[in-house]
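Under my numbering, the residue at position 6 of the sequence shown is numbered -4, and the numbers go up by one with no gaps.
Positions of the beta carbon are idealized from the N, C-alpha and C atoms, including for glycine.
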Amino acid sequence: MESPMNEQALIHVKDLRREYKTFHRGSSFREIFASIFRRDMTVVHALKGLDFDIQAGELVGFLGPNGAGKSTTIKILTGVLFPSGGEVRIMGLVPWKDRKKYVAHIGAVFGQKSQLIWDIPPLDSFIMNQALYGLPRKEFKETLDHLAGMLQVREIMTKPTRNLSLGERMKCEFIMAMLHRPSIVFLDEPTIGLDVIAKETIRSFILEMNRAGVTFILTTHDLADIEFLARRVMVVNHGELVFDGSLEALKVLFGERRLIRVQTERDILPLSLPGLREVSRRGPADVSWELDLGKSSLEDFLRLIGKHGGVKDMSLGEVPIENIIREVYEKEH
């Protein structure tokens, strides 16, 4: 799905392509021996011409299954990889060409990779970052005090990083990423493994910084993060952008659907109705369905289930976003 090009966008991507060359060796002794002299080359098209713009101040959820091209795109946007073709301009810079100037304006938080040094306190790591970015002392202290207050980590910044809980460490990772006041921050699984309270703190911090003007690009498998944070969702699959819009638009695209759970006095036999799909059985008399209201009405379903008689309880809810995202992937397979 193409998005309109805007040369004034903070992030401008046009016809972005990336190809990898791999060699097939085989597993038998004969194939391994033959590969010493000749190897069969295969070209993998990781990205097949992505087009999109991201404006300053946006908070974008960037989704895709493993192998879809998501990580390759992020690596190009951060300047770690260069593309095989296409154009990328971020703040007027080309990430892999203007890397030294570019990295001064971006930050990154990776849930499974730490920027903190394990054996020293986070405060010492912060001071090292101050020197690395050449931050004026007054600006550094003001920023650190503000961020530490927001994340409530003043008392733990002087403890060795190895002694911190995962939630405490992730809060300090965010401070490391934000100390130099970046314009763009890339987040990769920022709440992975965190408890509910820590997740709420991190999500609230992201929203607060976004309201202050920081642009965030979020990649995650925790779709609760996407629902809580992202105003815009981009879905990439097989190297192509297959959706770009709001969560609400994504739900509309796949129909107005409801999740219905019914408990009855008697066993519920399989039901047949246009747009009705059984999703789970907790027991023979406790079944959940997904109903597409564009194909059948709730009244149609009630009449059908009423024939079973003895309805003890019924609940109606939204279809989980996980189901809709899964359908996007399957549709483009």
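By how many angstroms is the C-alpha of residue j removed from the C-alpha of residue i?
i, j, result
"T205", "G47", "4 Å"
"P73", "I182", "29 Å"
"P112", "H211", "27 Å"
"P(-6)", "M140", "For P(-6), the pLDDT reaches just 44, beneath the cut-off of 50, and the residue's location in the model is therefore unreliable, although a value from the coordinates is still provided. Computed Cα separation, rounded: 37 Å."
"L249", "K4", "39 Å"
"Q253", "V277", "7 Å"
"Y92", "G69", "8 Å"
"K131", "V143", "15 Å"
"R171", "M81", "15 Å"
"L169", "N119", "8 Å"
"L122", "A94", "10 Å"
"E320", "A138", "43 Å"
"R201", "R79", "24 Å"
"K60", "G54", "6 Å"
"V242", "L283", "11 Å"
"S305", "I174", "42 Å"
"E238", "E317", "15 Å"
"R159", "I26", "47 Å"
"G326", "A275", "The chain is shown from -9 up to 323; residue 326 falls before or after that span and cannot be answered."
"G76", "L125", "34 Å"
Going by C-alpha to C-alpha distance, which of the options sits closest to residue i?
i, options, result
"G166", "G97, V318 and K90", "A small correction: the amino acid at residue 166 is Met; Gly does not occupy that position in the sequence shown. Closest option to M166, Cα to Cα, is G97."
"V186", "G157, I174 and G203", "G157"
"A58", "D41, Q45, H35 and D43", "H35"
"I315", "D282, E268 and E217", "E217"
"D257", "E268, R247, G273 and R193", "G273"
"T133", "P310, M199, L261 and I64", "M199"
"L213", "K189, G203, L306 and L37", "K189"
"V269", "P310, L292 and L243", "P310"
"D303", "P180, R201 and R251", "R251"
"K297", "D234, G307, V318 and P260", "P260"
"L219", "F195, V232 and R20", "F195"
"Q(-2)", "S155, F164 and D43", "D43"
"V232", "L37, R127, T191 and L306", "L37"
"G203", "R20, T191, Y10 and Q45", "Q45"
Provide the residue span of the alpha helix (DSSP H) that contains residue i, from first to last.
i, result
"V358", "Beyond the ends of the chain as shown, which are -9 and 323, falls residue 358; an answer cannot be given."
"F164", "L156 to M168"
"Q120", "P112 to Y123"
"M140", "R127 to L141"
"A(-1)", "It is not in any alpha helix (DSSP H) - A(-1) carries neither H nor E in the DSSP assignment."
"L67", "K60 to L67"
Roughly how far, in whole angstroms, is the beta-carbon of residue i from the beta-carbon of residue j, given that I think they are within contact range, below 8 Å?
i, j, result
"G51", "L208", "5 Å"
"R221", "L67", "The Cβ separation is near 19 Å, so there is no contact."
"F176", "I1", "That belief does not hold up - the Cβ atoms of F176 and I1 are roughly 11 Å apart, past 8 Å."
In terms of residue numbering, what span does the beta strand (DSSP E) encompassing residue i cover?
i, result
"K38", "D30 to I44"
"N185", "The amino acid occupying residue 185 in the given sequence is Asp; Asn does not appear at that position. Element bounds for D185: n/a, residue is neither H nor E."
"F233", "E230 to G235"
"R271", "L266 to G273"
"A98", "I96 to F100"
"D402", "There is no way to answer for residue 402, as the model of the chain reaches only from -9 to 323."
Any chance the CB of residue i is under 7 Å from a heavy atom of the ligand MN?
i, result
"Y92", "The model depicted lacks the ligand MN and carries no ligand whatsoever."
Worksheet item: Counting Cβ pairs, one atom from each stretch, are 3 or more of them under 8 Å apart for the stretch 219 to 227 and the stretch 282 to 290?
Response: no
Exercise for the section: Count the CB pairs spanning the stretch 29 to 40 and the stretch -2 to 16 that are closer than 8 Å, and state whether there are at least three. Expected result: Segments in contact, yes.
_Contact the stretch 148 to 156 vs the stretch 102 to 121: 3+ CB pairs below 8 Å_ = yes
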